[in-house]
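The structure under discussion appears below in the form of structure tokens.
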Amino acid sequence: MKISDLLGTCLRNLTRRKLRTILTVIGVVVGTCFIVLPISLGIAISVNNQKMLEQWGDLTLIEINNYGNTETPLDDAAIDSIRAIPGVEVVTPIMQMQVQGEVKMFAGRKNRYQWYAWNVVGMSAEALEKLGYTTSEGRMLTPDDVGSKKIRVMFGDRTAYDFEDTKKRWPNNMVDYWSVGEGEELPDPFFDPLETELTYQLSPARENGKPVTFQLEVVGIFKGDYRRGYETVYGAVMDIEDLKRIQQEYEKANNIKKDKTANKGYETAKVKCVSMDHVAEVEEAIHALGFVNTYSMEQERQNMQESARQIQLILGFIGGVVMIASAVSIMNTMYTAVIERTKEIGIMKVLGCELFHIRAIFLIEAGLIGFIGGVVGDVISFVGSYILNLVGSTIQDGGAMVEGYTTQMSIIPPWLAVTGIAFATLVGLVSGVYPAHRAVQVSALEAIRTE
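Residue numbers (this note's numbering): 44 to 494.
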């Protein structure tokens with residue numbers, strides 16, 4: 044018999060007892076729905092959790108805090124060791140100016156506008172773009188900017204507004220931008236930082252101290268993002284090598300001697316991994332280097348993923364129980380079919396039909412019941428998923444629980460739909476094994492005599 048003949052025979056046999064076949068298929072449909080839909084809920088929870096974490100911060104970022112660690116300094120050698128860890132895309136130490144006195148920036152004619160520059164940060168210029176920093180105006184710092192005569196910096200998107208006019212009194216000495224409503228256009232600051240030369244002045248607190256000044260050039264304005272860093276809103280960033288140079292010249296001018304026994308390392312650093320799959324391994328490797336005080340979103344992500352997996356496991360177990368009941372129903376249907384068609388089986392044997400073909404007929408019939416039930420179950424699951432998402436979005440006021448992303452209550456990826464059909468078909472085939480075996484064990488002579 045050809046495969047087409049087998050399929051045609053099996054379909055005709057299934058349509059003999061339409062009601063019984065339909066009822067058996069319904070059982071498979073219910074079992075498929077109880078597997079696909081619950082797992083889709085777990086997938087949606089997992090995806091929504093990840094989107095929520097992405098709103099909180101970069102999932103591939105590890106922050107190293109080394110405050111007070113005198114035994115393992117986070118120095119340049121340590122930074123190089125971290126950079127060599129497999130899975131690390133980029134690493135940069137974070138440095139701030141160490142001055143016992145005043146640090147100011149000036150702009151305008153005769154330094155009319157001033158800012159107490161308490162949040163000037165040194166970072167590796169090559170790391171900025173890879174760490175996700177973006178610009179709203181101008182350009183990003185690059186390694187080519189390091190060592191220029193005018194020290195090149197980037198401003199936060201509100202930094203220029205923090206400059207005060209020294210020739211005016213409060214409140215007219217500041218640009219009022221904090222009272223601007225959402226969606227309204229901000230007023231212009233006193234000056235355009237991209238078009239204005241600035242002076243950076245470090246003044247020691249002691250009476251005989253010598254202030255040192257440096258000329259600055261603002262090359263870009265950050266797009267403000269608190270997740271990336273406070274400096275992208277209210278601060279300034281220059282390459283860490285330029286900041287070190289400023290620090291050294293300030294110390295040299297004021298004859299400041301450093302304690303040689305003091306920890307010479309950085310206090311913090313940022314590590315960007317190639318993907319979030321590398322975060323756990325990279326963080327473990329950093330701990331092995333002696334830097335145990337780290338922070339990443341990996342732990343929160345793992346906790347949420349574990350919770351989602353547990354929900355999927357529980358709901359999937361319920362679906363599995365329902366599918367087992369469906370398997371028993373298929374086995375019962377096929378076993379009944381063997382009994383009803385005993386004479387037919389005997390005739391096929393007398394006519395010389397091979398046992399393989401007899402067994403294949405009952406297996407294919409059972410598999411078709413599972414396949415049809417799986418397909419219909421997938422269709423109903425997609426409809427149910429759509430309804431759940433529609434109702435869920437209404438409850439969540441448009442679904443905007445996560446900024447820039449509409450949360451979903453159910454997600455059925457293609458692999459889950461295919462798995463539902465494949466599993467239902469497999470259940471059908473397994474359920475048909477015993478009835479098919481019974482069919483080939485039927486005696487031809489006894490079967491022919493059966494009424």
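Don't be surprised by glycine CBs; every beta carbon is placed ideally from N, CA and C.
{"Query": "Rounded to the nearest angstrom, how far is the Cβ of Val-255 from that of Val-196, given a contact under 8 Å?", "Result": "Wrong, their Cβ atoms sit about 16 Å apart, outside the cutoff."}
{"Query": "Taking 6 Å as the limit between beta carbons, can you name the residues of its chain near Asn-92, skipping five residues before and five after?", "Result": "Met-347"}
{"Query": "With 16 other CB atoms within 10 Å as the buried threshold, where does Lys-287 fall?", "Result": "exposed"}
{"Query": "How big is the Cα-Cα spacing for Gly-475 and Phe-360?", "Result": "23 Å"}
{"Query": "Whose C-alpha, out of Ala-203, Gly-165, Ser-179, is nearest the C-alpha of Pro-186?", "Result": "Gly-165"}
{"Query": "Look up Thr-202 in the DSSP assignment and say whether it is helix, strand or coil.", "Result": "helix"}
{"Query": "Which of helix, strand or coil does DSSP assign to Arg-271?", "Result": "coil"}
{"Query": "Measuring CA to CA, which of Leu-174, Arg-201, Val-322 is closest to Gln-345?", "Result": "Val-322"}
{"Query": "Please list the segments of the alpha helix (DSSP H) lying wholly inside the stretch 301-374, counting only runs of 4 or more residues, in order along the chain.", "Result": "322-331"}
{"Query": "So, for Val-419: in the same chain, excluding its five sequence neighbours on each side, which residues have a beta-carbon less than 6 Å away from its beta-carbon?", "Result": "Val-72"}
{"Query": "Determine the extent of the alpha helix (DSSP H) in which Thr-462 is found, giving its start and end residues.", "Result": "457-474"}
{"Query": "What first and last residue would you give for the beta strand (DSSP E) that runs through Lys-147?", "Result": "144-150"}
{"Query": "Could you check which residue in Pro-214, Gly-263, Gly-175, Ile-430 has the C-alpha nearest to that of Gly-199?", "Result": "Gly-263"}
{"Query": "With distances taken from CA atoms, which of Arg-63, Trp-213, Glu-310 is nearest Asn-112?", "Result": "Glu-310"}
{"Query": "If you draw a straight line from the C-alpha of Gly-74 to the C-alpha of Met-374, how long is it?", "Result": "15 Å"}
{"Query": "Let me know if Arg-271 comes out buried or exposed under the rule of 16 or more other beta-carbons within 10 Å of its beta-carbon.", "Result": "buried"}
{"Query": "Kindly indicate which three-state DSSP category Val-422 falls into: helix, strand or coil?", "Result": "helix"}
{"Query": "Please state whether DSSP places Asn-108 in a helix, a strand or coil.", "Result": "strand"}
{"Query": "Please state whether DSSP places Asn-282 in a helix, a strand or coil.", "Result": "In the sequence as displayed, the identity of residue 282 is Asp instead of Asn. Correct three-state label for Asp-282: strand."}
{"Query": "Taking 8 Å as the cut-off, does the stretch 424-432 touch the stretch 450-464 (at least 3 CB pairs, one atom from each stretch)?", "Result": "yes"}
{"Query": "Output the distance between the C-alpha atoms of Ala-465 and Pro-457, rounded to the nearest integer angstrom.", "Result": "12 Å"}
{"Query": "Per DSSP, Phe-257 is paired with what?", "Result": "Tyr-243"}
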